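Our numbering applies: residue 386 is where the sequence shown begins, and numbers increase by one.
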Amino acid sequence: MTSTPTAGPVVDTLAAQEFIGEIHRRLDHRDIEAMTAGLAAKATRVRSLLAPDRPAPGLGELHWLLRSCFPSRRQTRAILDAVGVDALGTAMRSLVHGDGDLGERVERFDACLAGFPEVATDLPWELLHLARPDRYWLWTRWMWNPRTETGALALVTAEDVELSAPGPVESYERVGRALAMVHGTVRAVDFAGDGPFGIDVFLACVYGIYMYTVLRMRMTQEFTRIVPELPALCRRLLGIYHREVLCP
């Protein structure tokens, strides 16, 4: 994995601790456990659907897969119509288990979703994370957006940590190193645990709190009231809000 070019600490420990305190003020510990369990259940189903020893996912299964991921949920029907069931199912299987290194597999998957560039930016990393959580970590634009240099990860890492790189795989590696360091920090206070999904929940909460802060500064109280409460907002970001995701 490529090192993050910084001479100092990766994690802004004070910021991380402040977010942990704010999360605990807004969420019950049972909410955090439920979100972590929801991600684990979703990952189990994704891993089964994309397993190399079973047929490629069909229409209903692909519909569920796309609806269960935040980047693709609203464009599920358009993606299926444009790409096709066979091509999309093959592309997902090849992404996780196909030949070639990570960069080649992601590039092939991106080409399959050429008409949906924003979905192609996030979806491959989410599918990889869900299918192989022991090997791949989550990376979405709400976590780190290299174009705007914003996201939850930027809020809990030191200012001199460079998360972007010339290519997407190199950026992914830098994000992964930073995630591992943040995970170690929040695990030390028994927030994230040792599993692969606690850090996802933590960063979704961080981004949710950031959104509320920005809305309070920029928008009226009446408009802010239409934004979901923090648990619901985090579940939307993580793709576990809607019932059919966990009960397909």
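We put the beta carbon where it would ideally sit given N, CA and C, even for glycine. Note that the structure is a prediction, hence the values are computed from the model and not measured.
- Non-local beta-carbon contacts of D397 in its own chain, meaning distances under 7 Å to residues more than five positions away in sequence, involve V541, T542 and A543 in chain order.
- DSSP places Q460 in no alpha helix (DSSP H); its state is neither H nor E.
- Contact annotation: V504 and S556 have beta-carbon atoms that are not nearer than 9 Å.
- Under DSSP, the beta-bridge partners assigned to V396 are T542.
- In this structure G488 touches V554 by the C-beta definition: roughly 4 Å separates them, less than 8 Å.
- Cβ-Cβ distances below 6 Å link P518 to A428 and P581 in the same chain, with the five nearest sequence neighbours on each side left out; the list follows chain order.
- In this structure, the alpha-carbon of E446 lies about 15 Å from that of V468.
- Nearest in C-alpha terms to M477, of all of M596, L435 and P440, is L435.
- Between the segment 411-423 and the segment 437-456 there are fewer than three C-beta pairs closer than 8 Å, too few to call the two in contact.
- Nearest to D471 by C-alpha distance, out of V481, G406, C497 and H482, is C497.
- Restricting attention to alpha helix (DSSP H) runs no shorter than 4 residues, the segment 546-607 encloses them at 553-573 and 583-603, ordered along the chain.
- In the DSSP assignment, the residues bridged to T535 are N530.
- When the Cα atoms are used, P437 and A426 turn out to be separated by approximately 19 Å.
- Burial is judged here by how many other beta carbons sit within 10 angstroms of a residue's own beta carbon; H568 has at least 16 and is buried.
- From the listed residues L513, P613 and I625, the smallest Cα separation to R411 is found for P613.
- Under the three-state reduction of DSSP output, G485 falls in the coil class, being neither helix nor strand.
- Looking only at T461, I408 and P394, the smallest Cα-Cα distance to V574 is reached by I408.
- A617 has its alpha-carbon roughly 26 Å from the corresponding atom of L399.
- Secondary structure note for S433: its alpha helix (DSSP H) is the uninterrupted segment H414 to L434.
- Taking the C-beta atoms as reference points, A550 is found no nearer than 9 Å to V591.
- In this structure, W510 keeps its C-beta atom at 9 Å or more from the C-beta atom of W527.
- Using a Cβ distance threshold of 9 Å, I594 and F455 do not count as a contacting pair.
- Rounded to the nearest angstrom, the gap between the Cα atoms of T598 and M566 is 25 Å.
- DSSP, read as helix, strand or coil, puts E614 in coil.
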